[in-house]
Amino acid sequence: MSYPRHRPRRLRTTPALRRLVSETSLEPRHLVLPLFVADGLAEPRPISAMPGVVQHTRESLRRAAAEAVEAGVGGLMLFGIPCDGDKDATGSEGVNPDGILNVALRDLNSDLGDATVLMADTCLDEFTDHGHCGVLDVHGRVDNDATNEQYIKLAVAQAHSGAHVVSPSGMMDGQVAAIRDGLDHAGHSDVAILAYAAKFASAFYGPFREAVGSSLQGDRRTYQQDPGNAREAVREIELDLAEGADMVMVKPAMSYLDVVRAAAEISPVPVAAYQISGEYAMISAAAANGWIDLRSSVLESLVGIRRAGADIVLTYWATDVAGWLR
Ligand code: PBG
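1 is the number of the first residue of the sequence shown in the UniProt record's numbering; add one for each residue after it.
Here it is, written out as structure tokens:
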């Protein structure tokens, strides 16, 4: 009698068998492409720690967005970078209908309409001169409730400009409920909220701070989560669900796959995970050195995030991956 009787390898013998029993799918529609658009640029500006990613001009943004949609990606997430001189203490350029993010949303909405899902980062850090995600009180601390008032204005401006989804990423308490009320009162009850529900104070955001020309001194540890806190992440997710989040996000992705799994287990709404700038930078750097293969490493990282339970993955490789998967 042959031994062992149980031979999982039987199902790995041919590519067709492996395909038949493959458990996790990765399709272009699962991917969201984050895009940066900067005010006052004559041409796209490369981001040194994110080779291949740029701050777009309005024109180059339109081309990159059209290319992504053509490739089949599921949605676009827009970040706006104002001129330094337009930053102020309350981030008013984010609310300004003529601010770069709102203008770019109108551009993409007129080009693409409902052919894609247009999402906007609903946060103040790109627009404040101090670089924090909220407004500060007299002691220089981020003022939770005053920040929510500003987030409402930001979300309504983005909805007016054509965003299908607003994405509060500042980790203020009550931000989802505040924005939901604000949108509904402004007649935008169809605009959805993708809540950055469990967002950790991560060193891997480093390249993003260059990408958005952040003015931040210090850190975000009074609002973003301690990287060790998984139970607290579940609480954050439950609160955002109770406040009316239409989708919840975990961020970063690769160092937090257990949190992605926990979110998938409790969430009645779609779960997103954000493969952030530092994750992009790490894989890019290793591949550029010839230490790992770019394409297979990227695909494996994304399948891993999907396997952990993410329905949607935000990745700077979205358009490339959509092309590879054709
Ligand atoms: C906040 C925001 C950040 C990112 C997305 N939204 C930065 C931060 O919290 O410091 C990071 C994205 C990335 O690193 O790719 N508006």
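Don't be surprised by glycine CBs; every beta carbon is placed ideally from N, CA and C.
*Going by beta carbon distance, what residues of the same chain come within less than 8 Å of VAL269, once the five residues before and after it are set aside?*
LEU241, ALA245, ASP246, MET247, VAL248
*Inter-residue spacing [alpha-carbon to alpha-carbon] between SER296 and ASP184*: SER296 and ASP184 have their C-alpha atoms some 44 Å from each other.
_Candidates ASP258, GLY174, TYR280, TRP324, of which the one nearest ALA49 by Cα_ = TYR280
_When you measure from the CB of ILE305 to every non-hydrogen atom of ligand 1, does any distance come out below 7 Å?_
no
*asked:* Rounded to the nearest angstrom, what separates LEU239 and MET119 at their Cα positions?
replied: 22 Å
*Please go through the same chain and pick out, in chain order, the residues whose beta-carbon is closer than 6 Å to the beta-carbon of GLY72, but skip the five residues on each side of it.*
Annotation for GLY72: PRO28, ALA322 place their beta carbon closer than 6 Å to its own, counting only its chain and skipping 5 residues before and after.
*Within the present structure, is the beta-carbon of PHE127 separated from the nearest heavy atom of ligand 1 by less than 7 Å?*
no
*asked:* Quick check: is any heavy atom of ligand 1 less than 7 Å from the C-beta of TYR205?
replied: True, at least one ligand heavy atom lies under 7 Å from that Cβ.
*Are there 16 or more other CB atoms within 10 angstroms of the CB of SER2, so buried, or fewer, so exposed?*
exposed
*Going by CA-CA distance only, name the one from ALA285, GLY290, LEU294, MET254 that's closest to ALA273.*
MET254
*Looking at the C-beta of PRO270, does it have a partner C-beta in chain E at a distance below 8 Å?*
The structure shown contains no chain E; it is built from a single protein chain.
*Determine which residues share a DSSP beta bridge with LEU118 and list them.*
LEU76, per the DSSP bridge assignment.
*Member of ASP98, VAL303, ALA318 whose CA lies at the smallest distance from the CA of residue 329*: Only positions 1 to 326 of the chain appear in this structure, which leaves residue 329 out of reach.
*Mind checking who VAL166 pairs with in its DSSP beta bridge?*
ALA120, ILE193
*ALA281 by DSSP, collapsed to three states: which one?*
helix
*Relative to ligand 1, is the shortest distance from any of its heavy atoms to the C-beta of ARG221 smaller than 7 Å?*
no
_Proximal residues to VAL21 (C-beta, below 8 Å), its chain only, five neighbours per side dropped_ = LEU11
*Under a Cβ-count criterion, where at least 16 other Cβ atoms within 10 Å of its own Cβ denotes burial, should PRO4 be classed as buried or exposed?*
exposed
*Between the C-alpha atoms of THR128 and ALA203, what's the straight-line distance to the nearest angstrom?*
21 Å
*asked:* Is PHE208 close to ligand 2? I mean its beta-carbon at under 7 Å from any heavy atom of the ligand.
replied: This structure simply doesn't include ligand 2; it includes ligand 1 instead.
_Buried versus exposed, by CB contacts within 10 Å (16 or more), ALA211_ = Buried is the call here.
*Between the Cα of GLU149 and the Cα atoms of GLY304, GLY91, ASN109, which residue gives the shortest distance?*
Here the closest residue by C-alpha is GLY91.
*Can you tell which of HIS164, ASP173, SER169 has the C-alpha that lies nearest to the C-alpha of ASP145?*
ASP173
*Have a look at CYS133 and VAL142 and give me their C-alpha separation to the nearest angstrom.*
8 Å
*Just list the beta strand (DSSP E) runs in the region 36-85, keeping only unbroken ones of 3 residues or longer that don't cross its boundaries, in chain order.*
Counting whole runs of 3 or more residues, the region 36-85 contains the beta strand (DSSP E) stretches 54-56, 75-81.
*Determine the extent of the beta strand (DSSP E) in which VAL142 is found, giving its start and end residues.*
Neither: VAL142 is in no beta strand (DSSP E) and is coded neither H nor E.
*At what residue ranges does the region 228-292 contain a whole run of the beta strand (DSSP E), taking only runs of 3 or more?*
247-251, 271-274
*Count the other CB atoms, across all protein chains shown, that sit within 10 Å of the CB of GLY182; report buried if there are 16 or more and exposed otherwise.*
Buried, since its Cβ has 16 or more Cβ neighbours within 10 Å.
*Exposed or buried, CYS83, counting other C-beta atoms within 10 Å across all chains shown (16 or more means buried)?*
Exposed.
*Kindly indicate which three-state DSSP category LYS199 falls into: helix, strand or coil?*
strand
_Going by DSSP in three states, THR128 sits in which element: helix, strand or coil?_
In this structure, THR128 counts as strand in the three-state DSSP scheme.
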